[in-house]
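Enquirer: If you count the sequence shown from 1, you need to add 122 to reach the numbering used here.
For reference, the structure I am asking about is given below.
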Amino acid sequence: MPGLQDTVFISYRRSTGSFIARSIFEDLRSNGFDPFMDVESIDSGTFDTIILNQIAARAHFVLILSPGTLDRVTEEGDWLRREIEVAIDLKRNIVPVLVGDFVFTNVENLLSGKLAELPRYNALRMFHEYFDEAMERLRKRYLKQPVYGDIKQVSAKEQEVVQQQIERLTTQGSLTNNLLLSPEVQLARALKLERRGDLQGAIASYSKVIEVNPEYPNIYTYRAKARVGVNDIEGALVDMDKAIRINPRDTEAFIQRGLIYLEQTQFEQALLDFKGANNLRPGDMMILACLAVVDHALDQLKEAERLWELLIKLDANYQDAGWVQRQFKWSDIVTEEARKLVKRVAQKNTPAPHVSSAPEQGA
123 MPGLQDTVFI SYRRSTGSFI ARSIFEDLRS NGFDPFMDVE SIDSGTFDTI ILNQIAARAH
183 FVLILSPGTL DRVTEEGDWL RREIEVAIDL KRNIVPVLVG DFVFTNVENL LSGKLAELPR
243 YNALRMFHEY FDEAMERLRK RYLKQPVYGD IKQVSAKEQE VVQQQIERLT TQGSLTNNLL
303 LSPEVQLARA LKLERRGDLQ GAIASYSKVI EVNPEYPNIY TYRAKARVGV NDIEGALVDM
363 DKAIRINPRD TEAFIQRGLI YLEQTQFEQA LLDFKGANNL RPGDMMILAC LAVVDHALDQ
423 LKEAERLWEL LIKLDANYQD AGWVQRQFKW SDIVTEEARK LVKRVAQKNT PAPHVSSAPE
483 QGA
């Protein structure tokens, strides 16, 4: 059973941090802590008093800061500012969790009064792709710091209200079957699983992101790559089609779909996609390389040679197909076509050996 030193108040701005707040809540609760986070609407009634009393009743104050979190702290009556000021006054162990690109230097003009102290606290940097590692540091290091202010007990009636809210949060978590986790955290886990070679696990996590937010940026492209890895080509192409419908200017989606078509020897479709990508990002060297390779596969040799010679002029490394494969993470199938083109260009540009005629022998 959690002791007083394991009690945590999670403070966040709903518009910028609700997903990550719930992810932290679930992680702490499943690891033996007693976390509290407010999910009710603040009004002038009794619940605001209950919330402030929970700051007094808990040892640690975890403050989630992502870009935009502090934008309204200069407004009169801002609730987040009030929570922070109470935690400072009560000498709680304040742990700012800096999510993504948040940096204090970008909000210095907003940190007036007591909030000017925030950058002095020992902050935890949290990147979505390393959520699990960040939570381990939070539990084992940041939430083990001493608390210098008194921890105050709340009334039995108030504790009952708090417990009901915690149970409601927990029930919501179990009902959503981990969809409670932010899309960013699910994406981070998917990428980690993919790096470990667990492509099916990665696909499942990508699918959870889609369930939470079907238009999450680049999510269909990510899942398509994993599906190619398990030879689900049809599913991968469906994902790429969705990615392009969501964002018709998604250059990466055109490139990836083109590579899938190229590997499946559907060269005409691949050429259309690479041309589409080139229209969006003209002159990109990877796109030019893709165009050259598919032109070579289509026996459009002059255009293929022209493009590859241009690439070599820009960067001599393009004389090495192995380097190109490492640079663009191409499959062996695509690289083999590039290797043939590299060899062809090299042979074309190799001067013929000079044959000197033998001097005539005198009589």
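Note that CB positions come from ideal geometry on N, CA and C, so glycine has one too.
Could you give the residue range of the beta strand (DSSP E) that holds Thr472?
Expert: Walking along the sequence shown from the start, residue 472 turns up at place 350. Counting along the chain, Thr472 falls outside any beta strand (DSSP E), and DSSP gives it neither H nor E.
Enquirer: If I follow the unbroken alpha helix (DSSP H) through Val352, where does it start and stop?
Expert: One-based indexing of the sequence shown puts residue 352 at position 230. That residue, Val352, is in no alpha helix (DSSP H); it is neither H nor E in DSSP.
Enquirer: Looking at the structure shown, is Ile216 part of a helix, part of a strand, or coil, going by DSSP?
Expert: Along the sequence shown, read from residue 1 onward, the residue named residue 216 stands at position 94. Correct three-state label for Ile216: strand.
Enquirer: For Thr129, write down the residues that DSSP places opposite it in a beta bridge.
Expert: Along the sequence shown, one-based indexing puts residue 129 at 7. Bridge partners of Thr129: Asp156.
Enquirer: Per DSSP, what kind of secondary structure is Leu187 in: helix, strand or coil?
Expert: Reading the sequence shown from its first residue, position 65 is the one you call residue 187. The answer is strand: DSSP assigns Leu187 an E or B state.
Enquirer: Please classify Thr171 as buried or exposed, where buried requires at least 16 neighbouring CB atoms within 10 angstroms.
Expert: Here residue 171 corresponds to residue number 49 of the sequence shown, with the count starting at 1. Label assigned to Thr171: exposed.
Enquirer: Give the range of the beta strand (DSSP E) segment to which Leu246 is assigned.
Expert: Sequence index remark: in the sequence shown, residue 246 carries index 124 (1-based). Per DSSP, Leu246 belongs to the beta strand (DSSP E) from Leu246 to Met248.
Enquirer: CA-CA distance, Asp193 and Pro336?
Expert: By one-based count along the sequence shown, residue 193 stands at place 71. By one-based count along the sequence shown, residue 336 stands at place 214. Answer to the nearest angstrom: the Cα atoms are 28 Å apart.
Enquirer: By how many angstroms is the C-alpha of Arg345 removed from the C-alpha of Ile206?
Expert: If you number the sequence shown from 1, residue 206 lands on position 84. If you number the sequence shown from 1, residue 345 lands on position 223. Rounded to whole angstroms, Ile206 to Arg345 spans 40 Å at the Cα level.
Enquirer: Here's a check: name, in chain order, each residue in its chain whose Cβ is nearer than 6 Å to the Cβ of Ala487, leaving out the five neighbours to either side.
Expert: Nothing in the structure corresponds to residue 487, since the chain is present only between 123 and 485.
Enquirer: So the candidates are Leu410, Glu198, Ser137 and Phe389; which of them puts its Cα closest to the Cα of Val446?
Expert: Here residue 446 refers to the residue found at position 324 when the sequence shown is read from its first residue. It is Leu410 whose Cα lies nearest to the Cα of Val446.
Enquirer: From Ala438 to Leu402, what does the alpha carbon distance come to, in whole angstroms?
Expert: As a position in the sequence shown, residue 438 is number 316, starting the count at 1. As a position in the sequence shown, residue 402 is number 280, starting the count at 1. When rounded, the distance between both Cα atoms is 25 Å.
Enquirer: If Leu220 sits next to Arg247, beta carbons under 8 Å apart, how far is it from one beta carbon to the other, in whole angstroms?
Expert: Residue numbering aside, residue 220 sits at position 98 when the sequence shown is read from its first letter. Residue numbering aside, residue 247 sits at position 125 when the sequence shown is read from its first letter. So it is a contact: roughly 5 Å between Cβ atoms.
Enquirer: What residues are listed by DSSP as bridge partners for His182?
Expert: Residue 182 sits at position 60 when you count from the first residue of the sequence shown. DSSP lists Val130 and Asn215 as partners of His182.
Enquirer: Using the Cα positions of Arg461 and Leu433, report the straight-line distance between them to the nearest angstrom.
Expert: Mapped onto the sequence shown, residue 461 falls at position 339. Mapped onto the sequence shown, residue 433 falls at position 311. Approximately 14 Å, taken between the alpha carbons.
Enquirer: Taking DSSP as the reference, what is the three-state secondary structure of Val276?
Expert: Walking along the sequence shown from the start, residue 276 turns up at place 154. Reduced to three states, the DSSP call for Val276 is coil.
Enquirer: Taking the continuous alpha helix (DSSP H) assigned at Val225, which residues delimit it?
Expert: Counting from 1 along the sequence shown, the entry for residue 225 is found at position 103. From DSSP, Val225 is part of no alpha helix (DSSP H); its letter is neither H nor E.
Enquirer: Along the chain, where does the alpha helix (DSSP H) containing Trp445 start, and where does it finish?
Expert: Locating residue 445 in the sequence shown gives position 323, where the first residue counts as 1. It spans Ala443 to Phe450 - the alpha helix (DSSP H) in which Trp445 sits, taken as one unbroken run.
Enquirer: Quick check on DSSP: helix, strand or coil for Asn439?
Expert: Along the sequence shown, one-based indexing puts residue 439 at 317. Asn439 falls in the helix class under three-state DSSP.
Enquirer: Evaluate Lys330 with the Cβ neighbour count: other Cβ atoms within 10 Å of its Cβ, from every protein chain shown; 16 or more gives buried, anything less gives exposed.
Expert: By one-based count along the sequence shown, residue 330 stands at place 208. That one is buried.
Enquirer: Using 8 Å as the Cβ pair cut-off and three pairs as the minimum, do the region 263-283 and the region 228-243 touch?
Expert: Touching, no.
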